[in-house]
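Reading through the structure tokens given below for one structure.
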Amino acid sequence: MARSRPLARRPLVTLLTVAALAASGMTALSSAARAADADLARNGGFESGLDGWTCTAGTTVTSPVRSGTSALKATPAGADNARCTQTVTVKPDSQYTLTGHVRGTYVYLGASGTGTTDVSTWAQSAPDWQRLTTTFRTGPSTTRVTIYTHGWYGTGAYHADDISLTGPGGETGQPPAPPAGLTAGSVTSSSVALSWSPVPGATGYAVYRDGTKVRTVTGTSTTVTGLAPSTAYAFQVAAVNDAGESARSATVTATTAGQPDGGGTDLPAHALVGYLHASFANGSGYTRLADVPDSWDVIDLAFGEPTSVTSGDIRFERCPVTECPNVESDAEFKAAIEAKQAAGKKVLISIGGQNGQVQLTTTAARDKFVSSVSAIIDEYGLDGLDIDFEGHSLSLNADDTDFKNPRTPVIVNLISALKTLKARYGDDFVLTMAPETFFVQLGYQYYGTGRWGGQDPRAGAYLPVIHALRDDLTLLHVQDYNSGPIMGLDDQYHSMGGADFHIAMTDMLLTGFPVAGDAGNVFPPLRPDQVAIGMPASTNAGNGYVSPAEVNKALNCLTEKTDCGSYATHGTWPALRGLMTWSINWDRYSNWEFQKNFDAYFG
Numbered sequence: 011m012a013r014s015r016p017l018a019r020r021p022l023v024t025l026l027t028v029a030a031l032a033a034s035g036m037t038a039l040s041s042a043a044r045a046a047d048a049d050l051a052r053n054g055g056f057e058s059g060l061d062g063w064t065c066t067a068g069t070t071v072t073s074p075v076r077s078g079t080s081a082l083k084a085t086p087a088g089a090d091n092a093r094c095t096q097t098v099t100v101k102p103d104s105q106y107t108l109t110g111h112v113r114g115t116y117v118y119l120g121a122s123g124t125g126t127t128d129v130s131t132w133a134q135s136a137p138d139w140q141r142l143t144t145t146f147r148t149g150p151s152t153t154r155v156t157i158y159t160h161g162w163y164g165t166g167a168y169h170a171d172d173i174s175l176t177g178p179g180g181e182t183g184q185p186p187a188p189p190a191g192l193t194a195g196s197v198t199s200s201s202v203a204l205s206w207s208p209v210p211g212a213t214g215y216a217v218y219r220d221g222t223k224v225r226t227v228t229g230t231s232t233t234v235t236g237l238a239p240s241t242a243y244a245f246q247v248a249a250v251n252d253a254g255e256s257a258r259s260a261t262v263t264a265t266t267a268g269q270p271d272g273g274g275t276d277l278p279a280h281a282l283v284g285y286l287h288a289s290f291a292n293g294s295g296y297t298r299l300a301d302v303p304d305s306w307d308v309i310d311l312a313f314g315e316p317t318s319v320t321s322g323d324i325r326f327e328r329c330p331v332t333e334c335p336n337v338e339s340d341a342e343f344k345a346a347i348e349a350k351q352a353a354g355k356k357v358l359i360s361i362g363g364q365n366g367q368v369q370l371t372t373t374a375a376r377d378k379f380v381s382s383v384s385a386i387i388d389e390y391g392l393d394g395l396d397i398d399f400e401g402h403s404l405s406l407n408a409d410d411t412d413f414k415n416p417r418t419p420v421i422v423n424l425i426s427a428l429k430t431l432k433a434r435y436g437d438d439f440v441l442t443m444a445p446e447t448f449f450v451q452l453g454y455q456y457y458g459t460g461r462w463g464g465q466d467p468r469a470g471a472y473l474p475v476i477h478a479l480r481d482d483l484t485l486l487h488v489q490d491y492n493s494g495p496i497m498g499l500d501d502q503y504h505s506m507g508g509a510d511f512h513i514a515m516t517d518m519l520l521t522g523f524p525v526a527g528d529a530g531n532v533f534p535p536l537r538p539d540q541v542a543i544g545m546p547a548s549t550n551a552g553n554g555y556v557s558p559a560e561v562n563k564a565l566n567c568l569t570e571k572t573d574c575g576s577y578a579t580h581g582t583w584p585a586l587r588g589l590m591t592w593s594i595n596w597d598r599y600s601n602w603e604f605q606k607n608f609d610a611y612f613g
């Protein structure tokens, strides 16, 4: 159900004459009282980015601004009003004035948790900067108040600047003591576990990596992720309370492990990945595995499918002769797999696809998934597994809001199953994933049903799986096709059809992004050698086809920072692993255009 716009409020105007003021006995505030007041809002002009503010969908811009060099820009969506908040320490039973300047349609400024009557004011339409102001009195025991600004659902971006909260400052006390006992625990190629002793009076802890704050946590341990293999890092921790941060702890250093094999270290520096229609035929025709050119480094056999949606029982049925007259025998097929492997290629079974919905709702289904997939891998001597869950395979329960700690059975059971398979086959096991953008990059805006409910529970649902398996993952090749517009890190929507879409979507994976706009809940970047860009091989293969020239523009931008167009990437990644396409069959149908362009680009 769409949210309706608020009804316009009629202003209540009270005319006070000088005579009435005199008759009431009201007097001006004394200079001493005014001197006791202060602006308690931190970074109200947004000159320090979003420091001090928590926003669901906000960023800072340099234009338009009312004063200084920056202002807030926040973009509401269909189920998100782009709320930005800040909690301020105040005095009980005291008077405060909240002021701010806004631009846009339906922009709100308010305060909650006042202990008396929470207040807000709003501008129905402000094409230029408009001043909003409201006042409130704190309750007899109120020591903290949350000030906020927000827009209205789906009405476009709004801007805010010069927000102030004027009144007597609260008793903030002293910052806590610095933490002691900081130690580094388990170390992987991309993460370091840290722990430290609790500090009395601390409400949280700020974690620093090489002098830069990377996260704030409430407990006394955390795992810092998104690190480079075989690299030394220096860590410190500061304790936090309402008065601020303590001095930082003593420094502890840790060196990450070498890059895990994961089946990836013996792949070429730049790999070409393709899906082979092994269990069906369509307009592209059947292609024998032995006839796949040597340019293809990873060949995904499409598809293994379940006997029923929730059974976990995966079967791989080769294309029947009635549908594929030129299909090879099982013996020839297995011989072709061995020949490809002897040439250094990887042959995987891909599970799912458009028609293969897989929901591991129970532990029994999880265990059946492990045993049945293992049986396929063992029968054909395959190198690993590709997860191509689409449609309604992955969906988040309403109470599942943290991608780092998933609770939904279909998510938890899939993670467990994949970790079991990885442990069973060892470091050489190749694990790849091919999610759609809806399940990954859309998580920048939406995650599951959202804090107010009503969102598609599948939004961002692959993120917990990718995150839990990032140290085991050989390749992630998101399907940058058959996709609607997706918001990038520039807070602009990007659509299929050109290099821009691939640049923006890949930049998100290699830079990391806050999930559902929560700056305190960031999906860490993947290593560039773990990422390939998914594209359709031809116009017949799917929506979102781009010409070889546009493919090369995307590669140039991401690996050399040239040909980037209007999107500014957050880095340069010459180690980007390569390209994936749907499919080898469709590329053959198009005279191997995709493969030939890859070979020409990477030499």
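Position 269 of the sequence shown, counting from 1, maps to 279 under this note's numbering, and the rest follow consecutively. Idealized CB from N, CA, C, for every residue including glycine.
- The alpha carbon of alanine 212 has as its nearest neighbour, out of Thr516, Gln184 and Tyr118, the alpha carbon of Gln184.
- Annotated as proximal: leucine 485 and threonine 442, with beta-carbon spacing under 8 Å.
- For phenylalanine 343, the three-state secondary structure derived from DSSP is helix.
- Around the CB of glutamate 570, fewer than 16 other CB atoms lie within 10 Å, so the residue is classed as exposed.
- Using a Cβ distance threshold of 8 Å, threonine 320 and valine 262 do not count as a contacting pair.
- In the displayed model, glutamine 489 falls within a strand according to three-state DSSP.
- Residue pairing by DSSP places glutamine 184 in no beta bridge whatsoever.
- Aspartate 47: member of the beta strand (DSSP E) spanning 47-49, first to last residue.
- When the alpha-carbon of histidine 580 is set against those of Thr521, Ser382 and Leu119, the nearest one is in Thr521.
- In the displayed model, histidine 280 falls within coil according to three-state DSSP, outside both helix and strand.
- Where cysteine 94 is concerned, the enclosing beta strand (DSSP E) starts and stops at 94-99.
- Cβ-Cβ separation between lysine 432 and aspartate 482: approximately 5 Å, consistent with a contact (criterion under 8 Å).
- Assignment of phenylalanine 326 by DSSP, reduced to helix, strand and coil, places it in the coil class.
- Secondary structure of valine 422 (DSSP, three-state): helix.
- Lysine 223 has Tyr218 as its beta-bridge partners, per DSSP.
- Here threonine 373 has Asn423 as same chain residues with Cβ atoms under 7 Å from its own Cβ, once five neighbours each way along the sequence are excluded.
- If you keep only unbroken beta strand (DSSP E) runs of at least 3 residues inside the region 483-570, you get 523-525, 528-533 and 542-546.
- Beta-bridge analysis with DSSP links arginine 113 to His169.
- DSSP lists no beta-bridge partner residue for cysteine 574.
- In this structure, the beta-carbon distance from serine 207 to serine 231 does not fall below 8 Å.
- In the DSSP assignment, aspartate 388 falls within the unbroken alpha helix (DSSP H) covering 373-390.
- Straight through space, the alpha carbons of serine 339 and leucine 589 are spaced by roughly 30 Å.
- Taking each of Ala551, Tyr457, Met545 and Tyr599 in turn and checking the Cα distance to threonine 66, the smallest one comes out for Tyr457.
- The alpha carbon of arginine 461 has as its nearest neighbour, out of Gly508, Ala444, Thr411 and Arg298, the alpha carbon of Thr411.
- The region 124-131 makes no contact with the region 64-79; the number of CB pairs closer than 8 Å stays below 3.
- For asparagine 607, the enclosing alpha helix (DSSP H) starts and ends at 603-612.
- DSSP, reduced to helix, strand and coil, places leucine 404 outside both helices and strands of the structure shown, so it counts as coil.
- Here threonine 143 is not near leucine 175, since their CB atoms are 8 Å or more apart.
- DSSP, read as helix, strand or coil, puts glycine 453 in helix.
- Taken in chain order, the complete beta strand (DSSP E) segments of 3 or more residues contained in the region 297-322 are 308-316.
- Alanine 87 and valine 202 have their C-alpha atoms roughly 36 Å apart.
- Taking C-beta separations shorter than 8 Å and ignoring five residues to either side along the sequence, the partners of tyrosine 435 in its chain run Ile387 and Gly394, following chain order.
- Judged by their CB atoms, threonine 156 and threonine 95 are nearer to each other than the 8 Å cut-off.
- For the options Val450, Gly62 and Gln465, the alpha carbon positioned closest to that of threonine 226 is the one of Gly62.
- In the DSSP assignment, histidine 580 falls outside any alpha helix (DSSP H) and carries neither an H nor an E.
- Approximately 4 Å separates the beta-carbon atoms of alanine 547 and phenylalanine 604; this is inside 8 Å, confirming the contact.
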